[in-house]
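Reviewing the structure listed below.
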Amino acid sequence: MTLYDACKIKTIDLLKSGEFDEIRKNQFSNLSPQIVDYLVEYVFSLTFSDLPSSEDLHFLLKNHRLRRLDLSCFSIYSLFSIPSLPSSMDVIEADQECNSFIELLSKETWPDLRSLILPPFAFMHCPPSKLEAFLMTAPNLEYIHVNDNIDLSMLNNCSKLKNINIHARSDDIDFDELIDILTSLKNIETFEICIDNLATYREIKFFATILKLCPNLISIGNLDSLMVIEYCKKSLSHVGDFKLQKGFWGKKQIQDNDVYEHLGAFPYTVQFPSMIKTAVSCCPSLKVLEMLVYHKDGLQYLNCLYNLTFLCLDFKVCEESYLDTLLSTLNKIGHQLKHLSINDERPRRMPVKFPIDGICDRCVNVESLQIKGLCTFIDSLEDGSGIRRLRRLFIGDIKSKDLLLLLKCCLNLTELRVKNFPYFSNSEVRKYFRIHSCWNLRKLCIFNCNLSSNSLKTLLEASKKLEKVFFPKFLYNISILDELNREVKFVDNLDKFHDAVSGFNSCKFNDFNI
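According to the working numbering, the sequence shown is numbered sequentially starting from 1.
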């Protein structure tokens, strides 16, 4: 435990014990907004049973310097982290405590509050007027994540909103009301609805309307914007440019006959390349793209995305041989890319083998590389190869000799994930990994490992700066970490590990686990 962590724990203990109640001056009034944010963030990261009451936090919250507030700890989902299933009383108690916080917050003003996350299934006992009063105390709010149980018209009071995230079922949303709200918010840049994986005609039509009426939108979340752009072209006769900087293309299943009726036969089977061409021409500002590739001929149009820095390509539904086309595309845009992910783990008669050296020779500025599939590596790199700059590497299957050559060249690697770590004898680990040890490696994640316990220990010892590690607990005893003579944290929850190490997480894509 660091001194900083100990101070946070002690501060909250003093608040809960009432130590600050007898002091006339608020001891938190001189803290920087950053420290206030960290303290509040720590409080709401506690389990519900350990959470201080709203009265306990009165002094901390009364300084008005809060910039970020996440109340998702009151969600019913959080209650499932307790040892037994939550009772109806647990849910009611969580709601009531959350409402107490809202009531306390609504009595103050929050000029610095920029980000607010409200939990799903909360506010069942909270009068709408109370929540609306709270929102009115935060005139500079820019980001809000809300659920479908609140009256969305309250957002009209947040005139400076830039980012809205709504957690709801599509059937529960009044899209007409949302259109009125969004068009009244002149600063809106990102709008996302967390819904299921089925794209309905109703949703596509709504987002197409929003794109037309809100010209400054840079993201519509993880909805398949390829279908939205196609609708704009065919139904709204819109042929102008959008300002979208993030796109998910081909990622949604479609189970709605109205989509077929208005957009023709399922377009991805035959029209994929032409749809990509249209989308590229309408989205010249795109920086982040995640695409399910239905046909290799669609790749050539990505050459015109001159601002693209993050690219995720999934080939699991592509039937053609596409590797040459992929490498040709990377010849044109590879120098732009900072983050690249390629996925093809589908069983094939002739599995695709991705040449890491060939990819990095084309992507000279790449910082994060993920390949889900078979990988090869030949130590014949050009001087300007991106392998020298690579900081995060997530790979699937690779031969032992290729992995050794690869790590020898990755001089600046800080994060490594290997799905199937190949076999090395203990002497090989000592010989190669200590000579070419990953001096800068801080996070290591191994899913399926063929190393002996001694070999794994030697590998961990060779990584002098290692901070976090994941490996199968059913194969190895985590007590192996106690023998390293330094603190290395074992992360037993892959979601937490992902949050801690993913270089792709900065782009808000959360499905990059191997």
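All residues carry an ideal CB built from backbone N, CA and C; glycine is no exception.
Figure out for me which residue from the options has the closest Cα to the Cα of residue i.
| i | options | result |
| --- | --- | --- |
| I480 | F470, S463 and S453 | S453 |
| N163 | C409, N187 and R169 | N187 |
| N450 | V491, E487 and D397 | D397 |
| S400 | S425, I166 and F134 | S425 |
| K160 | K468, D174, I144 and I218 | I144 |
| L374 | F354, S368 and G386 | F354 |
| I356 | P347, M350, S463 and Q370 | Q370 |
| N51 | L69, E97 and N63 | The question names Asn, but residue 51 is Leu in the sequence shown. Measuring from the Cα of L51, the nearest candidate turns out to be E97. |
| K431 | S455, N63 and F421 | S455 |
| L313 | L405, G247, V429 and M136 | G247 |
| A519 | K296, G240, Y294 and H295 | As shown, the chain starts at 1 and ends at 514. That puts residue 519 outside it, with no answer to give. |
| K62 | A168, K25, S49 and Y294 | K25 |
| F474 | R486, E103, I446 and V488 | I446 |
| I378 | E367, R389, D5 and L404 | L404 |
Please classify residue i: does DSSP put it in a helix, a strand, or coil?
| i | result |
| --- | --- |
| F20 | coil |
| T329 | helix |
| T209 | helix |
| Q245 | coil |
| F310 | strand |
| V364 | coil |
| N99 | helix |
| H58 | helix |
| N303 | helix |
| S81 | For S81, the predicted model reports a pLDDT of 47, less than 50, meaning its position is unreliable; a value from the coordinates is still stated below. Looking at S81 - three-state DSSP - the assignment turns out to be coil, as it is neither helix nor strand. |
| A265 | Annotation note: pLDDT 43 at A265 (below 50); position unreliable, coordinate value reported separately. If DSSP states are grouped into helix, strand and coil, A265 belongs with coil. |
| C445 | strand |
| D297 | helix |
| F315 | coil |
| N420 | strand |
| V191 | It is worth fixing the name first, because residue 191 is Phe in this sequence and not Val. Note: F191 maps to strand in three-state DSSP. |
| Q370 | strand |
| S170 | helix |
| C283 | coil |
| D13 | helix |
| M136 | helix |
| V270 | coil |
| E467 | coil |
| D397 | strand |
| K162 | coil |
| C507 | Note that C507 scores a pLDDT of 39, beneath 50, so its modelled location is shaky and nothing firm can be said. |
| C409 | helix |
| H335 | helix |
| M227 | helix |
| T109 | coil |
| S455 | helix |
| K251 | coil |
If contacts are defined as beta-carbon pairs under 8 Å, then residue i and residue j qualify, I think. What distance do you get, rounded to the angstrom?
| i | j | result |
| --- | --- | --- |
| I150 | L131 | 6 Å |
| Y301 | I333 | 11 Å between Cβ atoms; not a contact. |
| W439 | K457 | Rounded, the Cβ-Cβ distance is 18 Å, inconsistent with contact. |
| F490 | I478 | 5 Å |
| L337 | L311 | 6 Å |
| A138 | L116 | 7 Å |
| F28 | D70 | Not confirmed; about 19 Å, so no contact. |
| L406 | C363 | The Cβ separation is near 15 Å, so there is no contact. |
| P215 | K233 | Their Cβ separation, rounded to whole angstroms, is 17 Å, which puts P215 and K233 out of contact at 8 Å. |
| F433 | R417 | Their Cβ separation, rounded to whole angstroms, is 17 Å, which puts F433 and R417 out of contact at 8 Å. |
| R389 | E367 | 6 Å |
Determine whether the beta carbon atoms of residue i and residue j lie at a separation below 7 Å.
| i | j | result |
| --- | --- | --- |
| F59 | F101 | no |
| R391 | N412 | yes |
| Y268 | G250 | yes |
| C158 | L182 | no |
| G386 | C410 | no |
| Q298 | F272 | A small fix is needed here, since residue 298 is Gly in this sequence, not Gln. Cβ distance < 7 Å, so G298 and F272 count as in contact. |
| E467 | R442 | yes |
| V36 | R65 | yes |
| E560 | I229 | Residue numbering for the chain in the displayed model covers 1 to 514; residue 560 lies beyond these limits and cannot be assessed. |
| R415 | K372 | According to the sequence as given, residue 415 is Glu; it is not Arg. No, Cβ-Cβ distance for E415 and K372 is not below 7 Å. |
| F191 | I173 | no |
| V429 | L459 | yes |
| L223 | F206 | no |
| R169 | R114 | no |
| Y294 | V270 | no |
| I193 | I166 | yes |
| K296 | E320 | yes |
| V146 | L105 | no |
Any heavy atom of the ligand NAD closer than 6 Å to the Cβ of residue i?
| i | result |
| --- | --- |
| K233 | The model depicted lacks the ligand NAD and carries no ligand whatsoever. |
*Using 8 Å as the Cβ pair cut-off and three pairs as the minimum, do the region 271-291 and the region 319-332 touch?*
no
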